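Residue numbers (the numbering used here): 302 to 399.
Below is one structure; the comments refer to it alone.
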């Protein structure tokens with residue numbers, strides 16, 4: 302019970318400290334879960350589309366946030382967001398071919 306309270310308190314503090322980054326983290330967590338479901342059950346292509354859409358949206362959100370308010374790790378964050386964006390676009394192109 303004590304560790305659960307610790308994690309809930311940590312999530313509350315993270316959401317209050319930097320809400321956009323917290324939402325982007327939640328989007329990426331849901332994207333990972335939906336892509337994992339799509340990999341485990343190959344007939345469930347809508348989960349792959351959902352996961353790639355969330356990755357795409359999160360990457361765009363990160364790039365916009367970094368353009369408006371740069372962080373102390375500006376270059377690394379932008380490179381990571383661009384890699385996420387390229388990966389999601391490649392995934393969409395692969396889904397369209399199959």
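All C-beta atoms, glycine included, are put in the ideal place defined by N, C-alpha and C.
Remember, it's a predicted structure, so these values are computed and weren't measured experimentally.
{"Check": "Under the three-state DSSP convention, the category residue 317 falls into", "Outcome": "helix"}
{"Check": "CA-to-CA distance, residue 316 to residue 304, given in whole angstroms", "Outcome": "18 Å"}
{"Check": "Endpoints, alpha helix (DSSP H) assigned at residue 349", "Outcome": "346–369"}
{"Check": "For residue 398, three-class secondary structure by DSSP", "Outcome": "helix"}
{"Check": "Burial state of residue 391, where buried means 16 or more other Cβ atoms lie within 10 Å", "Outcome": "exposed"}
{"Check": "Where residue 348 falls, given that 16 or more other Cβ within 10 Å makes a residue buried", "Outcome": "buried"}
{"Check": "Cβ shell of residue 379 (< 6 Å), same chain only, five flanking positions each side left out", "Outcome": "367"}
{"Check": "Spatial distance of residue 331 from residue 338 (CA atoms)", "Outcome": "11 Å"}
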